[in-house]
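Undergrad: Let me give you the structure first, and then I'll get to my questions.
Residue numbers (the working numbering), protein chains in the order written: chain G, 1 to 114; chain C, 1001 to 1113.
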């Protein structure tokens, strides 16, 4: 069974540009989460999808971040326009069953904004 | 006060010893608890989950939960150099729309050969 996959693995963009990150969850997992880890800090929750619906987006930093999960399969996270403080590693995780169940993480996308 | 607290370490133990990793959390309504292992530059890997008070054993790993004390720990028996990594404690607490996972900053473990 394939795990959670993310694309790209690395992205370097200039301030003001747009970047779109993609996450493909484990097949059959209705729950999809986005997290971010900034250098030296703990992993922070961004948002949670159940199928195509946003259940909780309280962790999204501001309206420059837009997440979608059309069709309840893969998800995208767009940052527009990117700022220097958006740099970090963006992780996606998925789980089946209830939202309290075990989550499995993808390899992450390292975003560098210069 | 952080919602999930861990000692940053590094915790250094000799090969074959027991490594003890600790975590405290602030929300008494927290329901489920997880330990992840993260190697440098890699993603977190789930190694243990625990939902009720007491001990849960899986191979060389034992998770311990004490909800009254708001404390969860991970014991690694017969530590190996390959266990050297950062161990993340994660706690699910109820939030709007379902459970939200809160991570600690992690404890770095170094197992000396």
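Positions of the beta carbon are idealized from the N, C-alpha and C atoms, including for glycine. All values derive from a computational prediction rather than experimental measurement.
Whose Cβ in chain G lies nearer than 8 Å to the Cβ of residue 1049 of chain C?
TA: Within the second chain, numbered from 1, the residue matching residue 1049 of chain C stands at position 49. The answer, in chain order, is 102.
Undergrad: For residue 28 of chain G and residue 57 of chain G, I'd like the C-alpha separation in whole angstroms.
TA: On the first chain, residue 28 of chain G is found 28 positions in, with the first residue counted as 1. On the first chain, residue 57 of chain G is found 57 positions in, with the first residue counted as 1. A straight-line Cα-Cα distance of about 22 Å links residue 28 of chain G and residue 57 of chain G.
Undergrad: Say whether the segment 1069 to 1077 of chain C touches the segment 1014 to 1032 of chain C, bearing in mind that this needs 3 or more beta-carbon pairs closer than 8 Å, one atom from each stretch.
TA: These segments touch.
Undergrad: For residue 110 of chain G and residue 1044 of chain C, I'd like the C-alpha separation in whole angstroms.
TA: Sequence index remark: in the first chain, residue 110 of chain G carries index 110 (1-based). Sequence index remark: in the second chain, residue 1044 of chain C carries index 44 (1-based). Rounded to the nearest whole angstrom, the C-alpha separation of residue 110 of chain G and residue 1044 of chain C is 14 Å.
Undergrad: If contacts are defined as beta-carbon pairs under 8 Å, then residue 102 of chain G and residue 95 of chain G qualify, I think. What distance do you get, rounded to the angstrom?
TA: If you number the first chain from 1, residue 102 of chain G lands on position 102. If you number the first chain from 1, residue 95 of chain G lands on position 95. Correct: roughly 6 Å between the Cβ atoms.
Undergrad: Return the CA-CA distance between residue 75 of chain G and residue 55 of chain G, expressed in angstroms with no decimal places.
TA: Taking the first residue of the first chain as 1, we reach residue 75 of chain G at position 75. Taking the first residue of the first chain as 1, we reach residue 55 of chain G at position 55. The straight-line gap from Cα to Cα measures roughly 14 Å.
Undergrad: At which residue ranges does the segment 7 to 62 of chain G contain complete alpha helix (DSSP H) runs of 4 or more residues, listed in the order of the chain?
TA: none
Undergrad: For a cutoff of 9 Å on Cβ pairs, would you count residue 1046 of chain C as touching chain G?
TA: As a working mapping, residue 1046 of chain C is identified with position 46 in the second chain. At least one chain G Cβ lies under 9 Å of residue 1046 of chain C.
Undergrad: Over the uninterrupted beta strand (DSSP E) stretch that includes residue 1088 of chain C, give me the two end residues.
TA: As a first step, residue 1088 of chain C is located in the second chain; it is residue number 88 there, counting from the start. Per DSSP, residue 1088 of chain C belongs to the beta strand (DSSP E) from 1085 to 1095.
Undergrad: Residue 106 of chain G touches chain C at which residues, Cβ-Cβ below 9 Å?
TA: If you number the first chain from 1, residue 106 of chain G lands on position 106. Near residue 106 of chain G (Cβ distances below 9 Å), the residues of chain C are 1043.
Undergrad: Residue 1015 of chain C by DSSP, collapsed to three states: which one?
TA: Counting from 1 along the second chain, the entry for residue 1015 of chain C is found at position 15. If DSSP states are grouped into helix, strand and coil, residue 1015 of chain C belongs with coil.
Undergrad: Can a CB atom of chain C be found closer than 9 Å to the CB of residue 42 of chain G?
TA: Translated into the one-based positions of the first chain, residue 42 of chain G becomes position 42. By this cut-off, residue 42 of chain G is an interface position.
Undergrad: Can you give me the start and stop residues for the beta strand (DSSP E) that residue 67 of chain G sits inside?
TA: Counting from 1 along the first chain, the entry for residue 67 of chain G is found at position 67. From DSSP, the beta strand (DSSP E) with residue 67 of chain G extends over 65 to 68.
Undergrad: State the DSSP-derived secondary structure class of residue 1057 of chain C, mapped to helix, strand or coil.
TA: Sequence index remark: in the second chain, residue 1057 of chain C carries index 57 (1-based). Strand at residue 1057 of chain C.
Undergrad: Is there at least one Cβ from chain G nearer than 9 Å to residue 1074 of chain C's Cβ?
TA: Along the second chain, one-based indexing puts residue 1074 of chain C at 74. Taking CB atoms only, residue 1074 of chain C has no neighbour in chain G less than 9 Å away.
Undergrad: Using 10 angstroms around the beta-carbon of residue 115 of chain G, count the other beta-carbons present and answer buried if the total reaches 16, otherwise exposed.
TA: Outside the displayed span of chain G (1 to 114) sits residue 115 of chain G, for which this structure offers no information.
Undergrad: In the segment 1091 to 1106 of chain C, which residues sit with their C-beta less than 8 Å from some C-beta in chain G, listed in chain order?
TA: 1092, 1095, 1096, 1097, 1098, 1099, 1100, 1101, 1102, 1103, 1104, 1105, 1106
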